[in-house]
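Q:
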Amino acid sequence: MSDDRPHGEIPAEGFATRMVQVGRAPLRQHGFVNPPTHRGSTVLFPSSRAMRAAGPDGPITYGTQGGPTHQALAAAVAEIEGGTRALILSSGLAAIAVPMMAFLKAGDHCLVPDSAYGPSRRLADGLLRGWGIETTYYDPIVDERGMSELLRPNTRVVLTESPGSHTFELQDIPAIARAVHAAAAPDRPRARILMDNTWGIHHFQPFRHGVDVSIQALTKYVGGHADVLLGSVTVVDEADWVPIRNAYTALGQVAGADDCSLALRGLRTMATRLRAQGAAGLEIARWLETRPEVLRVLHPALPSHPQHALWQRDFTGTCSLFGVVLQPHYSEDDLYALIDGLHHFGIGASWGGYESLALATTGGITRTVPGERLGGPAFRLHIGLEDPADLRADLAAGLDRLPR
Ligand SMILES: *Cc1c(COP(=O)(O)O)cnc(C)c1O
Numbered sequence: 005m006s007d008d009r010p011h012g013e014i015p016a017e018g019f020a021t022r023m024v025q026v027g028r029a030p031l032r033q034h035g036f037v038n039p040p041t042h043r044g045s046t047v048l049f050p051s052s053r054a055m056r057a058a059g060p061d062g063p064i065t066y067g068t069q070g071g072p073t074h075q076a077l078a079a080a081v082a083e084i085e086g087g088t089r090a091l092i093l094s095s096g097l098a099a100i101a102v103p104m105m106a107f108l109k110a111g112d113h114c115l116v117p118d119s120a121y122g123p124s125r126r127l128a129d130g131l132l133r134g135w136g137i138e139t140t141y142y143d144p145i146v147d148e149r150g151m152s153e154l155l156r157p158n159t160r161v162v163l164t165e166s167p168g169s170h171t172f173e174l175q176d177i178p179a180i181a182r183a184v185h186a187a188a189a190p191d192r193p194r195a196r197i198l199m200d201n202t203w204g205i206h207h208f209q210p211f212r213h214g215v216d217v218s219i220q221a222l223t224k225y226v227g228g229h230a231d232v233l234l235g236s237v238t239v240v241d242e243a244d245w246v247p248i249r250n251a252y253t254a255l256g257q258v259a260g261a262d263d264c265s266l267a268l269r270g271l272r273t274m275a276t277r278l279r280a281q282g283a284a285g286l287e288i289a290r291w292l293e294t295r296p297e298v299l300r301v302l303h304p305a306l307p308s309h310p311q312h313a314l315w316q317r318d319f320t321g322t323c324s325l326f327g328v329v330l331q332p333h334y335s336e337d338d339l340y341a342l343i344d345g346l347h348h349f350g351i352g353a354s355w356g357g358y359e360s361l362a363l364a365t366t367g368g369i370t371r372t373v374p375g376e377r378l379g380g381p382a383f384r385l386h387i388g389l390e391d392p393a394d395l396r397a398d399l400a401a402g403l404d405r406l407p408r
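Per this note's numbering: the sequence shown = residues 5 to 408.
This is how it looks when you write it as structure tokens:
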């Protein structure tokens, strides 16, 4: 704990221990275990002069900068991601939009993986295009050479997301970073590598692999209870911090302090939840692979995953979100009937909570880069904290109900 007691000399190594300790100092908070929730708009100063002197990185002057509760959560997120500074925003989507807007201006070019989270596409095709920013969608499994060919002199942002939303392709982030660094020129700013690291959480350490700006939807496993929307942007380089903080301030994208408290609460149990859910998810994914109704299971931790070698090289674990593709002779109606008949899986968006979810992928994704498609009706599963045997029995009954 960042308290004044002397046993601070033993540094915490394990992730679960660090998540218990980070962002709180009980003996400075009347001994209460959790940091207080500081709600607020107005921030008072002892004098007008003291207020005038407060700069952007000085004392907080107004609630839109976030308060101590935001800072506690930001410290925790920086710890999770291995970064130096983090910002907390009102949603995961805001955490994507703000750095994109921070680094892109009219006439710039942006690269977005074809497997990106849907609303990231909407941002690129809508607001960004309207502002004169051109986006090229690229094959997520691009190699170093392929990335070099995609980069233009005016490319300012390379968005990455690994694995891809719904389709779970893993990206070779170090290869992408090598290409971006090789294209750097002295007369213009280098493209920034942004990563949506929501799936990786702490299992992928973005800054060790060349990422400049890491984004997470804290809505997912950090919140962990489907009762909060929050996002984070983390950096290691001070030069990246300034434009992002300026865009955040300009857009007023502050989160609520109560939501930050909920996320801090979720964080304390996250390592244990992730371990249990990740293991249950992998067990169910392995079992689904043995079912004749299933064409493929899209889970990076399975040896059958096309980029499994990248997962082994770059990731230290897994969460419990993965895809399932049925044999091609099943119809979309068969898929919907399977999902709608499940007892223990909610039908809905988002993931990372304690409850299991099933979501039809087919019909819900946009791809524009030519290439292989999933090959059959597909759905996404999020495995929650229920007993895995109950989930498996539910899925088995659903598969058994499919027409012969
Ligand atoms: C959910 C999600 C987001 C957006 O998070 P919200 O808090 O729901 O806005 C962004 N990226 C990925 C990969 C997600 O799954």
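In this text, a Cβ means the ideal position worked out from N, Cα and C, and glycines have one as well.
Which residue's Cα is closest to the Cα of Ala311: Ala230, Gln331 and Ser166?
A: Residue identity differs from the one stated: residue 311 is Gln in this sequence, not Ala. Gln311 has its Cα closest to that of Ser166, out of Ala230, Gln331 and Ser166.
Q: Would you mind reading off the limits of the beta strand (DSSP E) that contains Leu93?
A: Arg89 to Leu93 is the extent of the beta strand (DSSP E) around Leu93.
Q: Beta-carbon separation of Ala20 and Thr276 under 8 Å?
A: In contact: Ala20 and Thr276 (Cβ atoms closer than 8 Å).
Q: Roughly how many angstroms lie between the CA atoms of Arg133 and Met105, to the nearest whole one?
A: Each residue's Cα considered, the two are about 12 Å apart.
Q: Below 6 Å CB to CB, which residues in the same chain sit around Ile138 once its five sequence neighbours on both sides are set aside?
A: The sequence as given places Glu at residue 138; Ile does not occur at that position. So the qualifying residues of the chain are His113.
Q: Per DSSP, which one or two residues make a beta bridge with Val217?
A: For Val217, which the question treats as bridged, DSSP gives the partners Leu198 and Val239.
Q: Taking just the CA atoms, how far does Gly214 sit from Arg182?
A: Computed Cα separation, rounded: 8 Å.
Q: Can you list, in chain order, the residues of its chain whose CB lies under 7 Å from that of Val24, leaving out five sequence neighbours each side?
A: For Val24, where only same-chain residues beyond five positions count, the Cβ hits under 7 Å are Arg272.
Q: Do three or more CB pairs link the region 204–224 to the region 82–89 at distances below 8 Å?
A: As far as the Cβ criterion goes, the region 204–224 touches the region 82–89, which means the pair count is three or higher.
Q: Taking the alpha-carbon positions, what's the Gly282 to Ser324 distance?
A: Going from the Cα of Gly282 to the Cα of Ser324 covers about 5 Å.
Q: Mapping DSSP to helix, strand and coil, what is Ile100?
A: The answer is helix: DSSP assigns Ile100 an H, G or I state.
Q: Helix, strand or coil for Gly62, going by three-state DSSP, please let me know.
A: Correct three-state label for Gly62: coil.
Q: Measure the CB-CB distance between Leu93 and Gly235 and report whether it falls below 8 Å.
A: In this structure, Gly235 lies closer than 8 Å to Leu93 by Cβ.
Q: Given the structure, does Leu163 come close to ligand 1, in the sense that its CB is under 7 Å from one of the ligand's heavy atoms?
A: Result no, Cβ not under 7 Å from ligand 1.
Q: May I ask you to verify whether the region 187–196 touches the region 152–160, counting CB pairs closer than 8 Å and requiring at least 3?
A: With a cut-off of 8 Å, the region 152–160 and the region 187–196 count as touching, because enough Cβ pairs lie within range.
Q: Would you call the CB atoms of Arg89 and Thr238 closer than 8 Å?
A: In contact: Arg89 and Thr238 (Cβ atoms closer than 8 Å).
Q: Please report how far the alpha carbon of Trp135 lies from the alpha carbon of Gly150, in whole angstroms.
A: Straight-line Cα distance between these residues: approximately 27 Å.
Q: Confirm the yes/no value for this check: CB of Gln97, any heavy atom of ligand 1, distance under 7 Å.
A: One detail in the question is off: residue 97 reads as Leu in this sequence, not Gln. Yes, Cβ of Leu97 sits closer than 7 Å to a heavy atom of ligand 1.
Q: Whether or not the region 383–397 and the region 120–128 are in contact is what I'm after, with contact meaning three or more pairs of Cβ atoms, one per stretch, closer than 8 Å; do they touch?
A: They do not touch, by the three-pair rule.
Q: According to DSSP, what are the bridge partners of Glu165?
A: DSSP, once it has assigned bridges, lists Asp200 as partnering Glu165.
Q: Which stretch, first to last residue, makes up the beta strand (DSSP E) that contains His386?
A: Element bounds for His386: Ala382 to His386.
Q: I'd like to check one pair, Glu297 with Leu403: are the Cβ atoms closer than 8 Å?
A: A contact, by the Cβ cut-off of 8 Å.
Q: Out of curiosity, what's the CA-to-CA distance linking Pro332 and Arg300?
A: Answer to the nearest angstrom: the Cα atoms are 11 Å apart.
Q: Which runs of the beta strand (DSSP E), 3 residues or longer, sit entirely within the region 271–356?
A: Counting only runs of 3 or more, we get 298–302 and 325–330.
Q: Could you please give the first and the last residue of the uninterrupted beta strand (DSSP E) stretch that includes Ala364?
A: Per DSSP, Ala364 belongs to the beta strand (DSSP E) from Leu361 to Ala364.
Q: How long is the line joining the alpha carbons of Asn201 and Ser52, rounded to whole angstroms?
A: Computed Cα separation, rounded: 42 Å.
Q: Which residues mark the beginning and the end of the beta strand (DSSP E) in which Pro117 is found?
A: Per DSSP, Pro117 belongs to the beta strand (DSSP E) from His113 to Pro117.
Q: According to DSSP, is Tyr141 helix, strand or coil?
A: In the structure shown, Tyr141 sits in a strand (DSSP, three-state: E or B).
Q: Using the Cα positions of Leu399 and Arg408, report the straight-line distance between them to the nearest angstrom.
A: Distance between the alpha carbons of Leu399 and Arg408: 16 Å.
Q: For Ala79, collect the residues of the same chain with a Cβ closer than 8 Å to its Cβ; drop the 5 residues on either side in sequence, then sort them by chain order.
A: Once the five neighbours on either side are set aside, the close Cβ partners of Ala79 are Val26, Gly27 and Ala90.
Q: From the DSSP output, which residues share a beta bridge with Thr46?
A: BP columns for Thr46 point to Tyr66.
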